[in-house]
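S.K.: Starting off with a structure, shown below.
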Amino acid sequence: MSYGENGGAVGYLIGEENQGMRYMFTMMNNARLSVGLEGLSLAERSYQDAFTYATERNQGRAPGAPAGEQSLIIEHPDVRRMLLTMRSLTEAMRNIVYVTAEGIDLSRHHPDPEVRAAQTEFVDLLIPVAKGWCTDMGVEVTSLAIQVYGGMGFIEESGVPQHYRDARITTIYEGTNGIQAMDLVGRKLGLRGGAAVTELLATMAAVDADLAAGGDDLAGIRSALSDALGTLGSTTELDHDQRHGRPP
Ligand SMILES: Cc1cc2nc3c(=O)[nH]c(=O)nc-3n(C[C@H](O)[C@H](O)[C@H](O)COP(=O)(O)OP(=O)(O)OC[C@H]3O[C@@H](n4cnc5c(N)ncnc54)[C@H](O)[C@@H]3O)c2cc1C
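Oh and the sequence shown: position 94 is 93 in numbering that gives the first Met the number 0, straight run, nothing missing.
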């Protein structure tokens with residue numbers, strides 16, 4: 000590397016000495032959230048394209064359609080399954096990105112220092128999830144868009160291969176998703192001896208009371224939430240070393 004000619008460039012110390020790594024993480028957090036948002040954006044765009052295509056393309060006969068008539072592909076259960084998967088994943092991604100961004104604002108501007116500290120911890124925990132999960136799902140959703148288009152999805156002029164290609168880099172830059180996973184497990188799950196993640200799980204579990212008020216219609220969602228929380232609880236439980244601040 001060459002830093003300037005004729006004697007080199009002048010370097011200026013920004014902030015305090017030996018705090019560079021900590022400052023770098025401020026920039027990295029913004030970059031990681033932005034890349035998570037990129038995964039969401041590509042997923043949303045590809046969902047809109049796939050939905051529109053599915054309401055214009057006729058192919059085959061859907062269950063219950065009159066004999067001799069072609070159906071729009073959106074009438075086929077498998078196409079609906081793909082579109083609903085794309086939509087539900089995209090909405091979950093959007094919520095993760097929003098609560099993380101809200102947490103950043105609260106961590107900086109809330110008048111109560113305890114809330115600021117709690118929100119800083121929440122953001123630290125969520126950042127590798129926002130980056131890693133939203134970009135993995137960006138690849139999944141843009142791939143599903145290609146599938147909804149069928150053969151046309153493989154053709155450049157349909158536009159959907161571009162979304163898939165653009166999504167594919169998001170799992171690699173600003174720290175590969177393997178590195179995000181290591182950050183989550185090695186540094187973030189151990190925050191406050193595991194209390195940060197335990198409290199987050201309790202907040203999520205409290206949603207069950209609202210769902211219960213919704214009656215039987217929401218029973219399926221309650222049971223899925225309960226299963227997911229059970230899995231999350233057992234996979235985020237710390238071993239002895241982690242509880243005492245040593246990475247796995
Ligand atoms: C299109 C594009 C744009 C980019 N833009 C920029 C930019 O603007 N600025 C910039 O600074 N960089 C940029 N990069 C670089 C990018 O951040 C790196 O490519 C990325 O961080 C991965 O590093 P690497 O390529 O050295 O892969 P490697 O670090 O060699 O990783 C290869 C594999 O090994 C795994 N791995 C690596 N270390 C570990 C470990 N300790 N434990 C477990 N697994 C591990 C990785 O997860 C990955 O699966 C860009 C890259 C691309 C492709």
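We treat Cβ as the ideally placed atom computed from N, Cα and C, and that holds for glycine. Since the structure is predicted, the reported quantities are computational estimates derived from the model, not experimental observations.
Contact defined as beta carbons within less than 8 angstroms: I believe Val147 pairs with Ala49. What is the distance between those atoms, to the nearest angstrom?
M.R.: That belief holds up - the Cβ atoms of Val147 and Ala49 are roughly 4 angstroms apart, short of 8 angstroms.
S.K.: How is Leu217 classed by DSSP in three states: helix, strand or coil?
M.R.: If DSSP states are grouped into helix, strand and coil, Leu217 belongs with the helices.
S.K.: Use the C-beta contact count for His162: other C-beta atoms within 10 angstroms, 16 or more gives buried, fewer gives exposed.
M.R.: His162 comes out buried.
S.K.: Return the chain-ordered ranges of every alpha helix (DSSP H) run that is complete within the region 6-79 and spans a minimum of 4 residues.
M.R.: Those alpha helix (DSSP H) runs which fall completely within the region 6-79 and span 4+ residues are 19-53.
S.K.: According to DSSP, is His250 part of a helix, a strand, or is it coil?
M.R.: Because the chain spans 0 through 247 in this model, residue 250 falls outside it and cannot be assessed.
S.K.: Any idea what DSSP makes of Glu173, helix, strand or coil?
M.R.: Of the three classes helix, strand and coil, the one that applies to Glu173 here is coil, per DSSP.
S.K.: By the three-class DSSP mapping on this structure, what secondary structure does Glu4 have?
M.R.: The answer is coil: DSSP assigns Glu4 none of H, G, I, E or B.
S.K.: If you run the structure through DSSP and keep just helix, strand and coil, what is Gly102?
M.R.: It is helical.
S.K.: Could you spell out where the alpha helix (DSSP H) holding Ile203 opens and where it closes?
M.R.: The sequence as given places Met at residue 203; Ile does not occur at that position. Ala194 to Ala204 is the extent of the alpha helix (DSSP H) around Met203.
S.K.: Roughly how many whole angstroms lie between the Cα atoms of Ala117 and Ser142?
M.R.: Taking the straight line joining both Cα atoms gives about 37 angstroms.
S.K.: Can you give me the C-alpha to C-alpha distance between Ala30 and Gln69, rounded to a whole angstrom?
M.R.: Straight-line Cα distance between these residues: approximately 47 angstroms.
S.K.: In whole angstroms, what is the alpha-carbon distance linking Phe153 and Leu71?
M.R.: Each residue's Cα considered, the two are about 20 angstroms apart.
S.K.: Would the beta-carbon of Leu124 fall within 7 angstroms of that of Thr99?
M.R.: Their beta carbons are not under 7 angstroms apart, which means Leu124 does not touch Thr99 by this criterion.
S.K.: Relative to ligand 1, is the shortest distance from any of its heavy atoms to the C-beta of Thr175 smaller than 6 angstroms?
M.R.: Checking every heavy atom of ligand 1 against the Cβ of Thr175, one is found closer than 6 angstroms.
S.K.: Can you find a heavy atom of ligand 1 that lies under 6 angstroms from the Cβ of Tyr2?
M.R.: No, since every heavy atom of ligand 1 falls outside the 6 angstroms radius drawn around the Cβ of Tyr2.
S.K.: Is the beta carbon of Ile168 within less than 6 angstroms of some heavy atom of ligand 1?
M.R.: Checking the Cβ of Ile168 against ligand 1 gives yes.
S.K.: Suppose contacts are defined by Cβ-Cβ distances below 7 angstroms. Is Gly35 in contact with Lys130 by that definition?
M.R.: Cβ atoms of Gly35 and Lys130: closer than 7 angstroms.
S.K.: Is any heavy atom of ligand 1 found at a distance shorter than 6 angstroms from the C-beta of Tyr172?
M.R.: It does: the Cβ of Tyr172 is within 6 angstroms (strictly closer) of some heavy atom of ligand 1.
S.K.: Just to check my reading of the structure: Val140 and Thr89 have Cβ atoms closer than 8 angstroms, yes? What is that Cβ distance to the nearest angstrom?
M.R.: Val140 to Thr89, Cβ: 6 angstroms. Contact.
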